[in-house]
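Presented below is the structure to which this report refers.
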């Protein structure tokens with residue numbers, strides 16, 4: 018039976034929790050996290066295979082939802098709104114993965130070369146490149162404001178692209194601690210960027 022049809026979700030209850038969070042009881046968001054972590058993981062794992070990437074997207078979904086709760090509308094069930102955020106993040110993730118892929122298997126026209134490297138189209142807009150550079154600078158500035166333990170896990174996960182277990186081994190801490198640090202680091206980073214009106 019589909020979990021969405023099983024009575025597991027209670028839109029009226031979720032809406033009441035959201036209203037209490039918006040009213041100042043922010044700790045209640047953890048109740049929504051506990052309730053929806055497993056269904057979200059199940060949904061995301063259908064689109065993304067790597068378990069660490071699934072965990073990343075689950076965390077990012079909750080962060081996006083928390084920071085956009087004021088835009089949530091009662092006419093939509095909370096779980097539908099949350100799953101839509103997760104689906105969009107999965108699509109963005111898969112699109113970025115495709116863009117990063119470089120193929121050296123397709124041949125050039127006969128007269129040019131035996132092989133070609135098929136780079137993704139970057140577009141011609143100079144302003145986009147400038148904007149991307151500005152965003153990188155803003156991100157680096159925000160990262161520098163994080164506590165060192167949070168900054169390090171962000172850099173290892175997103176810049177060096179290490180798996181959770183590799184980060185744990187590198188830092189000599191449990192995998193669970195790595196996940197907790199990443200979650201708090203992303204939340205703190207988003208708060209910094211929001212205060213600077215960069216997101």
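Numbering (the numbering used here), first residue to last: 18 to 216. Just so it is clear, CB atoms sit at the ideal spot from N, CA and C, and this is done for glycine as well.
The residues 166, 167, 170, in chain order, have a CB closer than 7 Å to that of residue 198 in the same chain once the five nearest residues on each side in sequence are set aside. Boundaries of the alpha helix (DSSP H) around residue 34: 28-39.
C-alpha of residue 65 to C-alpha of residue 88: approximately 27 Å in a straight line. Note that the C-beta distance between residue 56 and residue 100 is below 9 Å.
Excluding the 5 residues flanking it on each side, residue 80 has same chain C-beta neighbours closer than 7 Å at 203, 204, 207, in chain order.
Per DSSP, reduced to three states, the secondary structure at residue 93 is coil, with no helix or strand assignment.
Per DSSP, the continuous alpha helix (DSSP H) segment holding residue 193 begins and ends at 192-212. The continuous stretches of alpha helix (DSSP H) do not include residue 176, and DSSP gives it neither H nor E. Contact annotation: residue 91 and residue 32 have beta-carbon atoms nearer than 9 Å. Take the alpha-carbon of residue 60 and the one of residue 49: they are about 16 Å apart.
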